[in-house]
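Here the sequence shown stands for residues 55 to 482, where the numbers follow this note's numbering.
Glycine residues also receive a C-beta, built at the ideal position from the N, C-alpha and C atoms.
What follows is a set of notes on a single structure, which appears directly below.
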Amino acid sequence: MKLIYLVIDGAPDRVVDSPTALEVAKKENLDRLAKEGVCGCMYTIGRGIAPESDTAVFSILGYDPEKYYTGRGPIEALGAGIEIREGFEVAFRANFATIREDILEILDRRCGRDLASDEARELARALDGLELGMYDGYARVIATVGHRAVVVIGSRSHRLSDNVSNTDPAYVRCGKISVAAKTYEKRIAECKPLDDSREARVTAELVNRFTRLAITILSKHPVNVRRERLGKLKANAILLRDAGAALPKVPKLSEVYGGLKFGAVAEMPVEKGIAKLLGMEVAEVPPPTEDKVRDYAQRLEATLELLERCDVVYVHLKGPDEPGHDGSLERKARAIELIDQYYVKPLIGHVNLDEVAILVTSDHATPYTVKAHTDDPVPILVRAPSIEPDQVTRFTEKECCQKGSLGVLEHGWELLPRVLSLVGMLRK
C-alpha cells in the first residue's frame, strides 16, 4: 500500500458560515472519495490557535511545533536555497507591501497580489547586500514567489537573536511561532526585543534600520515608478515576521515512520523547506500561474513520478487560500473546483485505488468571512480499499465534523500516524 497525502491550503471556512466554499463548489471527485472512505476533522495545532502554514504543515506531518519548531524564517530560507550563519544572522519571512510613506500606514500587505515574481526579484536585488550602517550590519534579500521574500539580517561582528517581534502587524509572535492577529493596527510595527539580551536589542535595531532604508530605496525604484504609472499599487515597503536563527533539530520522517520513504510536491518555499528538513524527496515544479490546467497537470505528473519511488507522497496545493484572504466565496469555490477537476479527477484515473490510499485535508481554515487564518477545525477524508465507509456523502466541514467516524483530532500531529496505521502502512 502507498499513500497520497493531499493538502488543499486554506480550503475550509467556519462551520457556522453558510454557505462555505466546500459546500458551494462542484467537486464530485472529492465527494466520491469522501463517500468511499472515512472522514473526520482536526485542529491542525490545537484549539484556540490560528496557525500559519509553516507550523500547521509541520504539525500535520506528525511533529509538535512547541517541541521542535525554531521559527519560519530559516525554513523559508532553506526552501529558497539559502544558508544562514548561526549566531550572526537571523532569517525572516517577508512580504513586499504597499504603504503610505509619511505615516507608515499599510494600504495592502501584498501589493494587491499582482506583484510579478520578476518585479519582486528586481526589488530584492536593490535591497540585497544593503549595509545598515550600525553594528556591522547588513541585509540579504531574496524574492521567492509573487510578493513573498526571505530577508536575512546579519552582522559581521555582533551576535544576534531571533527573539524579536514582527514588523508585520497581522501576525503576533507566540514563542517560536506566529499566530494570525484577530485585529491589528494597519501600520508597520516597530521591531522590539522580546528579552533583555543585548543580542535581541541589536537585532531589533538592525531590523528597524532595514525597514526605514528599504522604504527609501523602494519608493523611488523604477519598478514602482512603472507600477504607479500603470495604476498599480507600489511595492514600497517590506514586512518581516517569524524570525529564526537556526533550523530545528528533528528526526527525519523515515526515522519516525519505520523506514517509509516520503516525497513532496510543493509550490511555496516554506513547504519545500519543511520537506527538505524532514528528508523528503522534493519534486521541482514551477510556481503556480493563472493557467491552472497546466499547473495541475505538472503537479499530477510530479506526483505520479514520486509515487514510483516513494511510499508516501505529500502534495500541497495553494488554490483556495488566497481568495479566502481576499474574502471571495465565488473565487474560493472555483479554486476548489479546479483542483477537483484538474488534479483529483485525473489522479483517481491514473492510480490503482486497490494499491494506493488517499488522504485529503487542509493545513488551516481561511474563511472568506474573516479574510484570515482561523482556529476552526479542518475536514479530513481517508480512502483506502481496506476501509469500511462511514455516513459522510460530501467533503464539507459540517459533514466531516458531524458524521465522520474518525471524530475530532485535537492536534494535527495525531493525523499521519493514525492514518498510516489505519491503512496498514506502519512498519514495526
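Contact test: residue i Cβ vs the ligand NAP heavy atom, cutoff 7 Å
i, result
"V277", "Because no ligand of any kind appears in the structure shown, any question about the ligand NAP cannot be addressed here."
The alpha helix (DSSP H) enclosing residue i, as first and last residue numbers
i, result
"G208", "No alpha helix (DSSP H) contains G208, which is instead part of the beta strand (DSSP E) from R202 to S209."
"T357", "K346 to R363"
"T109", "S107 to I114"
"P377", "D375 to D380"
"P341", "No alpha helix (DSSP H) holds P341; DSSP gives it neither H nor E."
Per-residue DSSP class, three states only, for residue i
i, result
"I402", "helix"
"D250", "coil"
"N290", "coil"
"I138", "coil"
"L413", "strand"
"C95", "strand"
"S308", "helix"
"K236", "coil"
"V69", "coil"
"L77", "Per the sequence presented here, residue 77 reads as Glu, with Leu not at that position. Note: E77 maps to helix in three-state DSSP."
"T2", "Shown here, the chain extends from 55 to 482; a query on residue 2 therefore has no answer."
"K386", "helix"
"A224", "coil"
"I103", "coil"
"L60", "strand"
"V424", "coil"
"A299", "coil"
"A419", "strand"
"A329", "helix"
Residues near residue i in its chain [Cβ-Cβ closer than 7 Å; skip 5 each side]
i, result
"I138", "P128, A131, A145 and V206"
"D190", "S209, R210, S211 and H212"
"G478", "M55 and S440"
Where the beta strand (DSSP E) containing residue i begins and where it ends
i, result
"F319", "Sequence check: residue 319 is Val here, not Phe. Run containing V319: F316 to A320, per the beta strand (DSSP E) assignment."
"Y189", "Counting along the chain, Y189 falls outside any beta strand (DSSP E), and DSSP gives it neither H nor E."
"P443", "Where P443 is concerned, there is no enclosing beta strand (DSSP E), given that its DSSP letter is neither H nor E."
"E335", "E335 to A337"
"L371", "V366 to L371"
"V436", "V432 to R437"
Own chain, CB closer than 6 Å to residue i, minus 5 neighbours either side, in chain order
i, result
"T357", "V319, V367 and V369"
"A148", "A203, V205, I292 and L294"
Own chain, CB closer than 8 Å to residue i, minus 5 neighbours either side, in chain order
i, result
"R255", "P247"
"L87", "V398, I402, I412, V414, L435, R437 and F449"
"E159", "I153, K240 and R241"
Problem set entry | Start-end ranges of the alpha helix (DSSP H) lying completely within the segment 445-482, minimum 4 residues | If we require 4 residues or more, the alpha helix (DSSP H) runs fully inside the segment 445-482 come out as 451-457 and 469-476.
Exercise. Would you call the segment 215-222 and the segment 416-428 in contact, with 3 or more CB pairs under 8 Å?
Worked result: Taking 8 Å as the limit for Cβ pairs, the verdict is that the segment 416-428 does not touch the segment 215-222.
Exercise. Where in the segment 124-181 do unbroken runs of the alpha helix (DSSP H), each at least 4 residues long, occur, reported from the N-terminal end onward?
Worked result: For the segment 124-181, whole alpha helix (DSSP H) runs of length 4 or above, ordered along the chain, are 126-133 and 171-181.
Problem set entry | Segment contact flag, the segment 95-114 with the segment 269-276, C-beta cutoff 8 Å, min 3 pairs | With a cut-off of 8 Å, the segment 269-276 and the segment 95-114 do not count as touching, because too few Cβ pairs lie within range.
Problem set entry | Meets three-Cβ-pair contact criterion under 8 Å: the segment 65-79 and the segment 422-429 | With a cut-off of 8 Å, the segment 422-429 and the segment 65-79 count as touching, because enough Cβ pairs lie within range.
Exercise. Within the chosen definition, does the segment 93-100 reach the segment 456-468 through at least 3 CB pairs nearer than 8 Å?
Worked result: Three or more pairs of CB atoms, one per stretch, sit closer than 8 Å, so the segment 93-100 contacts the segment 456-468.
Exercise. Does the count of Cβ pairs from the segment 257-264 and the segment 160-178 closer than 8 Å reach three?
Worked result: In this structure the segment 257-264 does not touch the segment 160-178; the number of beta carbon pairs closer than 8 Å is below three.
For this session: Count the CB pairs spanning the segment 294-310 and the segment 181-197 that are closer than 8 Å, and state whether there are at least three.
Result: Fewer than three pairs of CB atoms, one per stretch, sit closer than 8 Å, so the segment 294-310 makes no contact with the segment 181-197.
Exercise. Are the segment 307-318 and the segment 180-188 in contact at 8 Å, needing three or more beta carbon pairs?
Worked result: No: fewer than three Cβ pairs fall under 8 Å.
Exercise. Using 8 Å as the Cβ pair cut-off and three pairs as the minimum, do the segment 444-459 and the segment 75-87 touch?
Worked result: Output reads yes: the segment 75-87 touches the segment 444-459.
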